[in-house]
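Protein chains in written order, with the numbering used here: chain Y, 80 to 242; chain R, 80 to 242.
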DNA sequence: TGTAGTGGCATGAAAACCCATTGTATCCCC
DNA sequence: GGGGATACAATGGGTTTTCATGCCACTACA
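Right, here's the structure in full:
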């Protein structure tokens, strides 16, 4: 599991009435260097009230990892069940969305709700994946370090928005 | 075993009086990218009260995998028997059904019964394969993680159905 | 001749696509 | 170093295409 290109940086983009957002160009360039797909995979983040996102190539890697884990371990009913559940979470609980020539995706309504996304989307690179937050929730979350919140505040200011 | 295209996402479709369902387009596109068949293979899921489904190309892969497993292990009578049983399950206990130009399959009555499918079919991608559930049973199953049930509830809501 | 299974067609809703415009950062020339 | 021009990113709107699904017509078998 060594992906050469990593997601990094931050951006704050608008979500329009149709639920569309521009995926920041610097994230798109990573996706396209990792593979040749022009799509991103969306999932509910497992510990934050936000979305987790990555490219299809990363999803495939994750799957291969799970498979190897299963083959190594005993094929006991418990191990089987655990495998089934993780596989379901990894694939059924995610949605793959393409972005168009101008780099925009439309949020599937379910994901938009699960990620609490309203009219602004904060993109944060985290290496192998990136996150998409509602900036308001980001500032409220007590698990987020103050320095990161400063970034969010800065991005808001940039747009002439208070907080 | 490295399939490039993976089944992912979820959908809830209606089963009509004749037992026909639309296979979601995003699953069909994976099937057609994996091979050129416009058919799906149905089987009773080995640990859930639901159906497991995949494309013919994957069935071939599965067969090859079983063969390799047999070659690796001792060809003891027990191993032989185990192989025979699994092979039977993989092929005799499955049904291959074509989908028409509008993407619809007809559930073979036996499969419909084995999978407990009534008038709604919940499709769930799981990477190499996908599952087809009766949404009511899905919500009742205690092995299904709550996050996934939320997805099912959301899909029902989308259709204006309670639960 | 009725009935059941199959295949194709029609429709309404939703999603993908395309084009235009704005804003911003960059580059080049003066 | 300043000013204009250029390229790319983000966003708004409208139009076309696709999807799911109901409906009807045809065939086969009883």
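In this text, a Cβ means the ideal position worked out from N, Cα and C, and glycines have one as well.
Exercise. At 8 Å on the CB atoms, spell out the chain Y contacts of residue 88 of chain R, in chain order.
Key: Residue mapping note: residue 88 of chain R aligns to position 9 of the second chain, counting from 1. Near residue 88 of chain R (Cβ distances below 8 Å), the residues of chain Y are 170, 171, 173, 174, 175.
Exercise. Rounded to whole angstroms, what's the CA-CA distance from residue 178 of chain Y to residue 148 of chain Y? Just pull it up for me.
Key: Mapped onto the first chain, residue 178 of chain Y falls at position 99. Mapped onto the first chain, residue 148 of chain Y falls at position 69. Rounded to whole angstroms, residue 178 of chain Y to residue 148 of chain Y spans 33 Å at the Cα level.
Exercise. Please work out which residues of its chain come closer than 6 Å, Cβ to Cβ, to residue 175 of chain Y, disregarding the five sequence neighbours upstream and downstream, and give them in chain order.
Key: On the first chain, residue 175 of chain Y is found 96 positions in, with the first residue counted as 1. Cβ neighbours of residue 175 of chain Y beyond the five flanking positions: 118, 120.
Quiz prompt | Minimum Cβ-Cβ distance from residue 142 of chain Y to chain R less than 7 Å | solution = Taking the first residue of the first chain as 1, we reach residue 142 of chain Y at position 63. Yes, residue 142 of chain Y counts as interfacial toward chain R.
Quiz item: Cα-Cα, which of Y/170, Y/130, Y/101, Y/188 is closest to residue 143 of chain Y?
Solution: By 1-based counting over the first chain, the position of residue 143 of chain Y is 64. Among Y/170, Y/130, Y/101, Y/188, the Cα nearest to that of residue 143 of chain Y belongs to Y/170.
Quiz item: Does the beta carbon of residue 220 of chain R come closer than 7 Å to any beta carbon on chain Y?
Solution: Position 141 of the second chain, counting from 1, holds the residue named residue 220 of chain R. It does not; no Cβ of chain Y falls within 7 Å.
Practice problem: Would you be able to state if there are at least three C-beta pairs under 8 Å between the segment 133-143 of chain Y and the segment 92-103 of chain R? | Solution: no
Self-check item: Environment of residue 108 of chain Y [buried if 16+ CB atoms lie within 10 Å]
Solution: Sequence index remark: in the first chain, residue 108 of chain Y carries index 29 (1-based). Under this definition residue 108 of chain Y is an exposed residue.
Quiz item: At a cut of 8 Å, does the segment 219-237 of chain Y reach the segment 83-99 of chain R through at least three beta carbon pairs?
Solution: With a cut-off of 8 Å, the segment 83-99 of chain R and the segment 219-237 of chain Y do not count as touching, because too few Cβ pairs lie within range.
Exercise. Could you check which residue in Y/84, Y/173, Y/126 has the C-alpha nearest to that of residue 221 of chain Y?
Key: If you number the first chain from 1, residue 221 of chain Y lands on position 142. The shortest C-alpha separation from residue 221 of chain Y is found at Y/126.
Practice problem: Please say whether residue 218 of chain R and residue 89 of chain R have beta carbons closer to each other than 7 Å? | Solution: Position 10 of the second chain, counted from the first residue, corresponds to residue 89 of chain R. Position 139 of the second chain, counted from the first residue, corresponds to residue 218 of chain R. Cβ atoms of residue 89 of chain R and residue 218 of chain R: not closer than 7 Å.
Quiz item: If you compare alpha carbons, which of Y/84, Y/83, Y/162, Y/116 is closest to residue 180 of chain Y?
Solution: In the first chain, counting from the first residue as 1, residue 180 of chain Y sits at position 101. If we check each option's Cα against that of residue 180 of chain Y, Y/116 comes out closest.
Self-check item: Residue-level contact to chain Y via CB, residue 126 of chain R, 7 Å cutoff
Solution: One-based indexing of the second chain puts residue 126 of chain R at position 47. With 7 Å as the cut-off, residue 126 of chain R counts as an interface residue toward chain Y.
Quiz prompt | Expected contact under 8 Å - CB spacing of residue 239 of chain Y and residue 211 of chain Y to nearest Å | solution = The residue given as residue 239 of chain Y occupies position 160 in the first chain. The residue given as residue 211 of chain Y occupies position 132 in the first chain. Contact doesn't hold; Cβ gap of about 22 Å is too wide.
Practice problem: Under 8 Å between beta-carbons, which chain Y residues line up against residue 230 of chain R? List them in chain order, please. | Solution: Along the second chain, read from residue 1 onward, the residue named residue 230 of chain R stands at position 151. The contacting residues are 171, 172, 189.
Quiz item: Cβ of residue 173 of chain R within 7 Å of Cβ of residue 122 of chain R?
Solution: Counting from 1 along the second chain, the entry for residue 173 of chain R is found at position 94. Counting from 1 along the second chain, the entry for residue 122 of chain R is found at position 43. Taking C-beta atoms as the reference points, residue 173 of chain R and residue 122 of chain R count as a pair closer than 7 Å.
Quiz prompt | C-beta neighbour in chain Y for residue 91 of chain R, strict 7 Å | solution = For the purposes of this step, residue 91 of chain R is taken as residue 12 along the second chain, with counting starting at 1. Chain Y contact via Cβ: absent.
Quiz item: Taking 7 Å as the CB-CB limit, is residue 226 of chain R close to chain Y?
Solution: Here residue 226 of chain R is taken as the residue at index 147 of the second chain, counted from 1. Yes, contact with chain Y.
Self-check item: Straight-line gap, residue 156 of chain Y to residue 223 of chain R (C-alpha atoms, nearest Å)
Solution: Position 77 of the first chain holds residue 156 of chain Y. Position 144 of the second chain holds residue 223 of chain R. Spanning the two alpha carbons is a distance of roughly 15 Å.
Quiz item: Around the C-beta of residue 190 of chain Y, are 16 or more other C-beta atoms found within 10 angstroms, so that it is buried, or is it exposed?
Solution: Translated into positions along the first chain, residue 190 of chain Y becomes position 111. By the neighbour-count rule (16 or more Cβ atoms within 10 Å), residue 190 of chain Y is buried.
Exercise. Please classify residue 214 of chain Y: is it buried, with 16 or more other beta-carbons within 10 angstroms of its beta-carbon, or exposed?
Key: Within the first chain, the letter at position 135 stands for residue 214 of chain Y. Counting Cβ neighbours within 10 Å, residue 214 of chain Y comes out buried, since at least 16 surround it.
Quiz item: Are there 16 or more other CB atoms within 10 angstroms of the CB of residue 114 of chain R, so buried, or fewer, so exposed?
Solution: Looking up residue 114 of chain R in the second chain gives position 35. A residue is called buried once 16 or more other Cβ atoms fall within 10 Å of its Cβ, and residue 114 of chain R, having fewer, is exposed.
Self-check item: chain R residues whose Cβ lies nearer than 7 Å to that of residue 159 of chain Y
Solution: In the first chain, residue 159 of chain Y corresponds to position 80, counting from 1. Correct list: 126.
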